[in-house]
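Note that the protein sequences, when read in sequence, are chains A and B. Under my numbering, think of the first position of the first sequence as 46, with each following residue one higher. Under my numbering, think of the first position of the second sequence as 46, with each following residue one higher. Glycine is no exception: its CB is placed at the ideal position from the N, C-alpha and C atoms. Inspection log for the structure reproduced underneath, given as structure tokens.
Protein chains: 2
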Amino acid sequence: MQSQAQNLPTTLNGIDLAAFAGAGESLVANPELGQVTFRAKTAWQGRLKSRTEISTWDAGGQTIVRRHRIDADEPLEILGENTAPNPQDLLLAALAACMSVGFVAGATRAGITLESLEIDTECSLDLRGAFGLDPNVQPHAGHIKYTVKVRGNGTREQFEQIHREVLQLSPNYNHLAQPMAFVSELIVTPS
Amino acid sequence: MQSQAQNLPTTLNGIDLAAFAGAGESLVANPELGQVTFRAKTAWQGRLKSRTEISTWDAGGQTIVRRHRIDADEPLEILGENTAPNPQDLLLAALAACMSVGFVAGATRAGITLESLEIDTECSLDLRGAFGLDPNVQPHAGHIKYTVKVRGNGTREQFEQIHREVLQLSPNYNHLAQPMAFVSELIVTPS
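Structure below.
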């Protein structure tokens, strides 16, 4: 029995299966651990550049240090210096990265070994809207197109089911698909 | 007259004022130049990591090469390796970077010199939703909080007006505030 247990796979798609199951069980037993807060500080860097610093997030009542940096700029054609992805690039990455996590989690839950997973995303808009040149032109893209290309040992039906679950469960897909509310404050310091 | 013209500022907030005015005039004269498409390719990198590559965008009927990379990962506490910002961090950065561009453009249009501009963003959610553990728990954050801290030689009223314009004109603010439609395709290759 011991040798049989040792032969069972302990990871799938790089994910530790015991940790994966344990994370779910832990959240069911202690729902308060599921409360998380993401926060970012974005500072203008001159012209149309900005730098976003992630330094902490809250999970399960604790504030955890975690340092990441996300630079943004506009292309030359929109008066930027093209030193970094632009805000729409970042939005597409935020969507596809979140859906990617959902696909991997769904496949792992279903016992499917993934070989590759790619998500192509695209959105089109009319700059006259964002430039405030025509009030009849919307500033934003009306829709986002995406294509998921997945290779693995699941059936088409299994991957379709995982896709449906991703649309139900992905935070960023739903952040976009559903109207977001905002709570804002403007602090002005005269110079 | 010549010396007076030479003393006029040619840039404000790092932005070339002639190019700024010219971009608007060009879009009014040639509306088709305003049609742009952003696209991204996101590939799974094992575990919960992904890499998004930006390689082209379309502007004014031309496809323009522009290379940027956006990595994503999850924190250790969500079974990731914390090698990069997570999808929610990227979403907050996409929002704040876009609003930052809008504030700088609005201030520059109003002749205001900015000294600094910071946007703090935050969203909270319950991981039990995204983990699919409780159908009564939403997977997404119901709202995003943000604080704009601006220092410059404009009045409070001017900055409030710019803030209102940003909410009207910012693509990513509106991508989130309004429900986004999606057009999707799933391509499955058996391994």
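Residues near residue 93/A in its chain [Cβ-Cβ closer than 7 Å; skip 5 each side]
The sequence position of residue 93/A within the first sequence is 48, counting from 1. So the qualifying residues of the chain are 118, 119, 124, 125.
Inset, instruction - Say whether chain A places a C-beta atom closer than 8 Å to the C-beta of residue 88/B. - result: Residue numbering aside, residue 88/B sits at position 43 when the second sequence is read from its first letter. Yes - at least one Cβ of chain A is within 8 Å of the one on residue 88/B.
### Query
For residue 76/A versus residue 173/B, is the C-beta spacing smaller than 8 Å?
Along the first sequence, one-based indexing puts residue 76/A at 31. Along the second sequence, one-based indexing puts residue 173/B at 128. In this structure, residue 173/B lies closer than 8 Å to residue 76/A by Cβ.
query: Over what stretch of residues does the beta strand (DSSP E) that includes residue 80/B continue unbroken?
result: The sequence position of residue 80/B within the second sequence is 35, counting from 1. Taken as a continuous stretch (DSSP letters only), the beta strand (DSSP E) holding residue 80/B covers 80-89.
Closer than 8 Å, CB to CB, is residue 71/B near chain A or not?
Sequence index remark: in the second sequence, residue 71/B carries index 26 (1-based). Not an interface residue.
Looking at the structure shown, is residue 166/B part of a helix, part of a strand, or coil, going by DSSP? Position 121 of the second sequence holds residue 166/B. Three-state DSSP puts residue 166/B in a strand.
Strand pairing of residue 101/A, partner residues [DSSP]: Stepping through the first sequence from its first residue, residue 101/A is reached at position 56. Residue 101/A is bridged to 110/A.
Q. Taking the C-alpha atoms as reference points, what is the distance between residue 48/B and residue 142/A?
A. Here residue 48/B refers to the residue found at position 3 when the second sequence is read from its first residue. Here residue 142/A refers to the residue found at position 97 when the first sequence is read from its first residue. Because the pLDDT of residue 48/B is 48, which lies under 50, any placement of that residue in the model is unreliable, and the question is left without a value.
Does the beta-carbon distance from residue 176/A to residue 221/B come in below 8 Å? Indexing the first sequence from 1 puts residue 176/A at position 131. Indexing the second sequence from 1 puts residue 221/B at position 176. Cβ atoms of residue 176/A and residue 221/B: not closer than 8 Å.
Note down the Cα distance separating residue 68/B from residue 61/B, rounded to an integer number of angstroms. Mapped onto the second sequence, residue 68/B falls at position 23. Mapped onto the second sequence, residue 61/B falls at position 16. Looking at the two C-alpha atoms, the distance is approximately 11 Å.
* In terms of alpha-carbon separation, which member of 136/B, 95/B, 84/B lies closest to residue 112/B? -> As a working mapping, residue 112/B is identified with position 67 in the second sequence. Among 136/B, 95/B, 84/B, the Cα nearest to that of residue 112/B is on 84/B.
ask   = Touching or not, the region 197-210 of chain B and the region 94-108 of chain A, by the rule of three or more beta carbon pairs under 8 Å?
value = Contact between the region 197-210 of chain B and the region 94-108 of chain A is absent, with fewer than three C-beta pairs closer than 8 Å.
### Message
What ranges does the beta strand (DSSP E) occupy inside the region 179-223 of chain B, keeping only unbroken runs of at least 3 residues that lie completely in it?
### Response
188-197
task = Mind checking who residue 229/A pairs with in its DSSP beta bridge?
result = Mapped onto the first sequence, residue 229/A falls at position 184. According to DSSP, residue pairing for residue 229/A in a beta bridge involves 191/B.
Consult DSSP for residue 158/B and reduce its assignment to one of helix, strand or coil. As a first step, residue 158/B is located in the second sequence; it is residue number 113 there, counting from the start. Residue 158/B: coil per DSSP, three-state reduction.
Practice problem: Measure the C-alpha to C-alpha separation of residue 218/A and residue 204/B and round it to an integer number of angstroms. | Solution: Locating residue 218/A in the first sequence gives position 173, counting from the first residue. Locating residue 204/B in the second sequence gives position 159, counting from the first residue. Looking at the two C-alpha atoms, the distance is approximately 32 Å.
Using DSSP with H/G/I as helix, E/B as strand and the rest coil, what is residue 234/A? Numbered from its first residue, the first sequence carries residue 234/A at position 189. Residue 234/A: strand per DSSP, three-state reduction.
Task: Below-8 Å beta-carbon distance, residue 240/A vs any chain B residue - done: Because chain A spans 46 through 236 in this model, residue 240/A falls outside it and cannot be assessed.
(request) Quick one: using the 10 Å Cβ neighbour count with 16 as the cut-off for buried, is residue 167/B buried or exposed? (result) Stepping through the second sequence from its first residue, residue 167/B is reached at position 122. Per the 10 Å Cβ criterion, buried.
Look at the alpha carbon of residue 231/B and the alpha carbon of residue 80/B, and state the distance between them as a whole number of angstroms. Position 186 of the second sequence, counting from 1, holds the residue named residue 231/B. Position 35 of the second sequence, counting from 1, holds the residue named residue 80/B. Taking the straight line joining both Cα atoms gives about 27 Å.
Is it buried or exposed, residue 188/B, if we count other Cβ atoms within 10 angstroms and call 16 or more buried? Translated into positions along the second sequence, residue 188/B becomes position 143. Answer is exposed; the Cβ neighbour count stays below 16.
**Report entry** Alpha-carbon to alpha-carbon, residue 161/B and residue 89/A
**Finding:** Taking the first sequence and counting its residues from 1, one reaches residue 89/A at position 44. Taking the second sequence and counting its residues from 1, one reaches residue 161/B at position 116. Cα to Cα, residue 89/A sits roughly 7 Å from residue 161/B.
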